[in-house]
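Number of protein chains: 2
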Amino acid sequence: MDTEAVEKVVRMPSVKRLPGYLCILRRFQMQGRELVSTTHLAEEIGLAPIVVRKDLEITGITGKPKVGYPVPELIEGIENFLGWNNATDAFLAGVGCLGSALMGYQGIRNNGLNIVAGFDNDPAKIGSTVHGRSILPLKKLPDLVRRMHVRIGILTVPADAAEEVAQMMISAGIKGIWNFTTVDLKTGPDIVVQKEDLSSGLAALSVKLKRAKEKKEEETES
Amino acid sequence: MDTEAVEKVVRMPSVKRLPGYLCILRRFQMQGRELVSTTHLAEEIGLAPIVVRKDLEITGITGKPKVGYPVPELIEGIENFLGWNNATDAFLAGVGCLGSALMGYQGIRNNGLNIVAGFDNDPAKIGSTVHGRSILPLKKLPDLVRRMHVRIGILTVPADAAEEVAQMMISAGIKGIWNFTTVDLKTGPDIVVQKEDLSSGLAALSVKLKRAKEKKEEETES
DNA sequence: TAGATTGTTAATCGATTAACAATC
DNA sequence: TAGATTGTTAATCGATTAACAATC
């Protein structure tokens with residue numbers, strides 16, 4: 000019986016746009032701005048004001064008509080909503096090109112995720128550090144997940160190892176996997192997987208370029 | 000007057016899923032499979048069969064009832080549709096962690112994009128090679144874009160340099176920018192920009208994890 | 001006060017999903 | 001033949017966009 004609880008709908012497209020607002024708002028805060036309107040935010044991020052207003056709605060932060068939203072409150076509201084106010088520890092498996100880059104990527108650190116160690120099978124990598132974090136043998140991952148209560152795993156291993164390493168993570172207690180492999184992981188219903196796929200962005204770019212080219216050729220003809 | 004031309008609608012969500020099918024199909028081809036049904040493809044990629052059928056529709060490749068689709072034809076059809084049958088040359092600006100990773104990322108090479116050189120302002124990097132490709136001074140980019148007729152630029156520079164470097168690319172003739180910075184680039188209508196944003200994926204993961212946790216706590220209570 | 005901006009409800013648009021005849 | 005699978009049309013769902021009263 001839904002007496003009190005208002006059915007809160009969380010639209011994923013809105014969630015995915017929140018980090019963009021957060022980035023801009025942090026810059027505004029450094030510049031000493033205290034208030035911001037959706038009109039202004041929209042201009043900065045390249046979206047329509049109505050989109051911004053709808054997106055901010057999900058955080059529960061309200062603004063004042065004619066005035067706008069208070070910048071610090073909005074930042075806190077977004078961080079709270081995303082659970083980024085306290086950084087969450089994460090392990091990364093597969094310290095190749097992409098894995099190393101992620102370990103050094105500033106954007107991740109600013110966004111609520113703290114990669115505490117990297118894991119790999121390559122003896123040449125084990126024992127070294129990447130951006131200040133140790134690289135440990137992959138087989139030590141389960142034990143450390145248990146001891147440190149790590150809940151997030153970043154998967155940057157080769158495709159043929161993806162399923163195995165993911166299962167290793169899950170068995171040890173990992174609840175969320177940020178999956179950079181091309182593999183569709185078979186997991187239980189209580190495990191959250193976020194698949195990241197660079198090639199889909201490239202596909203979008205390719206098709207948009209192709210269409211732009213065709214359009215231009217049509218114009219040239221006529 | 001649209002006498003002949005059938006209005007072909009290209010849904011971006013479908014476009015973005017095509018590389019996933021392509022990856023699986025290439026594996027099937029190596030395994031010697033000649034035919035594939037949408038049911039089977041759907042199972043591999045973790046989507047519903049109807050989604051796969053709708054997605055493949057945009058490539059123009061048709062299957063045979065009861066039989067399925069011919070694997071080689073489907074591969075060629077997707078590659079053609081995406082323009083990935085001939086690799087396109089690209090320049091990358093900003094050889095930091097992420098830029099270096101992209102230069103070495105096998106997935107890009109397999110997907111119609113050939114990063115021919117990297118560009119940076121750091122004297123320590125200039126003259127070196129990353130994954131076999133030279134790193135050149137950023138100021139040489141415009142001239143080389145013109146001489147080599149490069150149409151795609153990959154932007155992995157720091158945020159505060161993004162707008163300037165993008166303008167440099169565009170002035171020289173770059174038509175499409177794969178933008179890995181957090182900046183919303185101001186470009187003309189004939190320039191295609193594909194923005195890639197890791198933090199939006201992280202936001203989605205965070206919110207999904209949070210909801211899973213809340214759901215579990217509710218169950219424990221009752 | 002006047003006008004910009006919010007919050008909210010309704011309308012439109014597009015993507016996903018369902019249904020089903022055609023067919024190998 | 002029977003049944004699985006395609007291709008296509010229709011129905012549903014959800015996201016975006018528009019409209020507008022409330023208000024600082």
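If you read the sequences in order, they're chains H and D. When we follow numbering that gives the first Met the number 0, the leftmost residue of the first sequence carries the number 0, and every step to the right adds one. When we follow numbering that gives the first Met the number 0, the leftmost residue of the second sequence carries the number 0, and every step to the right adds one. Note that beta-carbon positions come from the ideal geometry of N, C-alpha and C, so glycine has one too. Note that the structure is predicted; figures quoted are calculated from it, not measured.
Unbroken alpha helix (DSSP H) run spanning R32 (chain H), endpoints: Unbroken run through R32 (chain H): none, as it is neither H nor E.
Chain-ordered chain H contacts of Y20 (chain D) [CB-CB under 7 Å]: Ordered by position in chain H, no residue passes the 7 Å Cβ test against Y20 (chain D), which lies about 11 Å from the chain.
Straight-line gap, D121 (chain D) to S133 (chain D) (C-alpha atoms, nearest Å): Distance between the alpha carbons of D121 (chain D) and S133 (chain D) is about 13 Å.
Under 7 Å from the C-beta of L17 (chain D): neighbouring residues of chain H: By Cβ distance, chain H contributes A202.
Min CB distance A100 (chain H) to chain D below 7 Å: Between A100 (chain H) and chain D, the shortest Cβ-Cβ separation is below 7 Å.
C-beta contact flag for V144 (chain D) and I173 (chain D) at 7 Å: yes
With 16 other Cβ atoms within 10 Å as the buried cut-off, status of P18 (chain D): buried
Closer than 7 Å to chain D by CB, E195 (chain H): yes
D142 (chain H) versus H148 (chain H): straight-line alpha-carbon distance, rounded: 10 Å
N- and C-terminal bounds of the alpha helix (DSSP H) containing V144 (chain D): 140 to 147
Neighbour flag for A211 (chain D) against chain H, beta carbons, 7 Å: yes
The segment 106 to 118 of chain H: positions lying closer than 9 Å to chain D by Cβ: Flagged, chain order: G106, I107, N109, N110, G111, L112.
Within-7 Å CB hit, L24 (chain H) to chain D: no
First through last residue of the beta strand (DSSP E) which encompasses D88 (chain D): 87 to 92
Proximal residues to R210 (chain D) (C-beta, below 7 Å), its chain only, five neighbours per side dropped: none
Rounded Cβ spacing between G59 (chain H) and V94 (chain H) (contact assumed at less than 8 Å): Rounded, the Cβ-Cβ distance is 39 Å, inconsistent with contact.
Those residues which DSSP pairs with L204 (chain D) across a bridge: In DSSP, L204 (chain D) forms no bridge with anything.
Contact set between the segment 59 to 79 of chain D and chain H, restricted to residues whose Cβ is under 7 Å from the partner: none
C-beta neighbour in chain H for G187 (chain D), strict 7 Å: no
Near-chain D residues of the segment 117 to 134 of chain H (beta-carbon distance less than 7 Å), N- to C-terminal order: none
Of the listed residues H:G200, H:F179, H:R10, nearest to L97 (chain H) (C-alpha basis): H:F179
Distance between beta carbons of W83 (chain H) and S205 (chain D), contact taken as under 8 Å: 7 Å
Beta-carbon proximity of L36 (chain H) to G76 (chain H), cut-off 7 Å: With the sequence shown as reference, residue 36 (chain H) is identified as Ser, and Leu is not the correct amino acid for it. No, Cβ-Cβ distance for S36 (chain H) and G76 (chain H) is not below 7 Å.
Cβ of I49 (chain D) within 7 Å of any chain H Cβ: no
C-beta neighbour in chain D for K139 (chain H), strict 7 Å: no
Inter-stretch contact (C-beta, 8 Å, three-pair minimum) for the segment 185 to 205 of chain D and the segment 122 to 130 of chain D: Result no; under three Cβ-Cβ pairs closer than 8 Å.
Residue of H:K139, H:A47, H:V51 minimising C-alpha distance to S13 (chain H): H:V51
Interface flag, D183 (chain H) vs chain D, CB-CB below 7 Å: yes
Buried versus exposed, by CB contacts within 10 Å (16 or more), D119 (chain H): buried
Under 7 Å between C-beta atoms of L208 (chain D) and G175 (chain H): A contact, by the Cβ cut-off of 7 Å.
Proximity below 7 Å, CB of V129 (chain H) to CB of I57 (chain H): no
Distance CB(I151 (chain D))-CB(A100 (chain D)) smaller than 7 Å: no
DSSP-derived helix/strand/coil call for L17 (chain H): helix
Residues sharing a beta bridge with F118 (chain H), DSSP: H:A92, H:L135
C-beta neighbour in chain H for G152 (chain D), strict 7 Å: no
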